[in-house]
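Presented below is the structure to which this report refers.
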Amino acid sequence: PMTACPIEDRLALEDLTIAYAHAVDSLSDIDGICACFTQDVDYDLTGIGMAHVAGHAGVREFFAGVFAANSHHAHYLSNFTVTAFAGDTASVRCYVIGMGRGHDGSSILVNGRYYFDAVRTTAGWRFARYTMDFLMPPG
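The letter at position 111 of the sequence shown is residue 105 when you use the working numbering, and the numbering goes up by one with no holes.
Okay, structure coming up:
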């Protein structure tokens, strides 16, 4: 059985998830995105047909391209849950509806799930691994 997650940790993990979405939706705050992750993060979006990058450098390069290509972003999070907790490590899952509009007029809509593996650091919780999958395939 999973160790009970203290409410303070649950709220901190949820806040970190929300901070990530806010930074992504800013279309400029790459530092804010990186602040949500460990230096050596495994950032893997292959589950939705996108990039798999490593570390802050990979995340920065990925979002430099995303932000250059998009004029608008909106990510709505729900159904947050802590799926594993062991004191200094935790896993969380939430649903996301993510949408973006490109400068070229293209658009994307993603109905999926975020999965984060988190570690407690001296600076608070940070995500060490991030993956996604689709709840509904696009189209």
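All C-beta atoms, glycine included, are put in the ideal place defined by N, C-alpha and C.
The alpha carbon of A15 has as its nearest neighbour, out of D111, D98, H67 and D38, the alpha carbon of H67. When DSSP reads this structure, L71 sits in a beta bridge with V90. Inter-residue distance for H50 and G133 is about 31 Å (C-alpha atoms, whole angstroms). Taking M(-4) as the centre and dropping the five residues before and after it, the same chain places the C-beta of A78 and F79 closer than 7 Å to its C-beta, in chain order. Taken atom to atom, the span from the alpha-carbon of S20 to that of F61 is near 9 Å. By the Cβ test, the segment 26 to 43 is in contact with the segment 110 to 128, since at least three Cβ pairs between them sit closer than 8 Å. For D25, the enclosing alpha helix (DSSP H) has its first and last residue at I24 to C28. Our two residues, V90 and L129, have alpha carbons roughly 9 Å apart in a direct line.
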